[in-house]
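For the sequence shown, this note's numbering gives the first residue as 8, with consecutive numbering after it. Cβ coordinates follow ideal geometry from the N, Cα and C atoms, glycine included. As the structure is a prediction and not an experimental result, all values here were calculated from the model. These notes concern the structure reproduced below.
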Amino acid sequence: MVAELPIDMPAIELLPIDMPAIELLPIDMPAIELLPIDMLAIDAILEANVLLALDIASILIEAMLDATVFDALDIASMFIDDILEAIALVALDIASMLIEAMLDATVFDALDIASIFIPLLLIDMLFIVRP
């Protein structure tokens with residue numbers, strides 16, 4: 008607990024101030040007319056700003072995409088020659104295998120066909136009557 012100490016202080020007397028009353032002069036101010044706010048116009052302005060921002064954003068996005076596509080094409084062009092060369096070599100290998108297989112099949116087919124007719128030709132040659 009805090010002990011209260013008696014303070015011996017003389018009373019303070021306030022001196023009277025002789026001040027005349029202040030009169031406020033009337034201010035002659037015309038009435039302020041508030042202009043009507045056209046909310047539709049404000050909406051139109053906001054909408055136009057939003058559309059403009061969207062147009063600018065779409066232009067920037069297209070530019071970024073174009074740049075990305077061109078970068079991708081530049082990178083791809085470095086490898087396209089090698090890729091095309093590899094594809095051409097593979098295609099030539101496949102074509103050569105197919106040509107060999109076709110030639111083999113043609114030779115074997117020719118031999119098969121010949122094997123059918125050769126005995127007949129030999130028989131005919133044996134029985135040819137010579138004068």
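For residue i, the three-state DSSP class (helix, strand or coil)
i	result
P126	helix
D116	helix
A102	helix
M85	helix
M26	coil
E20	coil
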